[in-house]
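Per my numbering: the sequence shown = residues 11 to 221. We treat Cβ as the ideally placed atom computed from N, Cα and C, and that holds for glycine.
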Amino acid sequence: MKVNGRIVENPEHWVDLIKDRVELDDRLVKTVKRLYVLLYKPTGYITSKGDPEGRPTVYDLLKDVPSFVGTVGRLDEDTSGLLLLTNDTMLAERMTNPTFHVAKTYLVKCATRLSDESLQKLRQGIELKDGMTRPARVKRVRDAESKTFLELTITEGRNRQVRRMIEALDSKVLKLVRIQLGPLTLDGMKSGTWRILTEGELKELKALTRQ
Ligand code: URA
């Protein structure tokens with residue numbers, strides 16, 4: 011195999027099929043176009059390529075996407091909302107790298123009415139078993155008799171983080187929707203559909219993750 015004109019003998023050598031020129035037996039291996047897909051994930055789909063238990067995956071909703079795109083972070087099976095997928099591994103890495111502090115906003119329905127003091131704790135940081143959370147932005151959207159609806163913005167992406175933050179306040183998440191990721195929103199999209207990012211959105215994402 012030749013990569014960018016140099017012979018490579020190590021079969022485990024990593025190539026980037028977008029940026030590298032790869033030749034095999036003197037024939038150019040087709041490069042892949044960069045794709046950036048925004049999916050409005052419904053609940054009931056797992057963020058994984060396959061599932062031993064046969065549950066539906068987000069890829070069942072992306073059958074007509076022309077090449078494989080990997081997920082940028084994850085949403086739980088029972089979380090809905092905005093999921094970004096791409097074959098641009100560098101952008102994906104940066105979007106999930108905690109040093110870039112990419113903001114993710116969730117609409118959260120809590121099983122109890124949360125006090126102002128509890129919201130303040132979310133803002134300041136909460137002790138979880140894997141360490142303190144970074145300060146969050148919190149907006150009380152509305153209260154029902156025994157529920158609170160919040161908009162919560164975090165800049166990390168730990169496993170089940172929002173659910174664990176709310177549980178640390180002795181409450182529970184009843185419904186969780188990711189409504190924003192950096193500059194991307196679900197505006198105008200229907201659950202279960204996907205679209206390609208606009209040039210403008212892509213520019214903003216790149217600016218956000220530039221060092
Ligand atoms: N936090 C969670 O708890 N779950 C998600 O799916 C996303 C963020």
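In this structure residue 203 does not touch residue 69 by the C-beta definition: roughly 15 Å separates them, more than the 8 Å allowed. In this structure, the beta-carbon distance from residue 100 to residue 82 does not fall below 8 Å.
Rounded to the nearest angstrom, the Cβ distance from residue 78 to residue 97 is 6 Å, consistent with a contact under 8 Å. For residue 166, the closest C-alpha among the options 179, 182 and 144 is that of 144. Per DSSP, the unbroken beta strand (DSSP E) holding residue 90 starts and ends at 89–96. Taking the Cα positions, residue 123 is about 12 Å away from residue 184. Going down the chain, each residue whose beta-carbon is closer than 5 Å to a heavy atom of the ligand URA shows up: 85, 86, 89, 170, 171, 172 and 173. Within the stretch 43–92, complete beta strand (DSSP E) segments of at least 3 residues are found at 46–51, given in chain order.
Within the stretch 125–199, the alpha helix (DSSP H) runs of at least 4 residues that lie entirely inside it are, in chain order, 126–134 and 171–177. Distance between residue 80 and residue 102, taken at the CA atoms: about 8 Å. The continuous alpha helix (DSSP H) containing residue 213 extends over residues 209–218.
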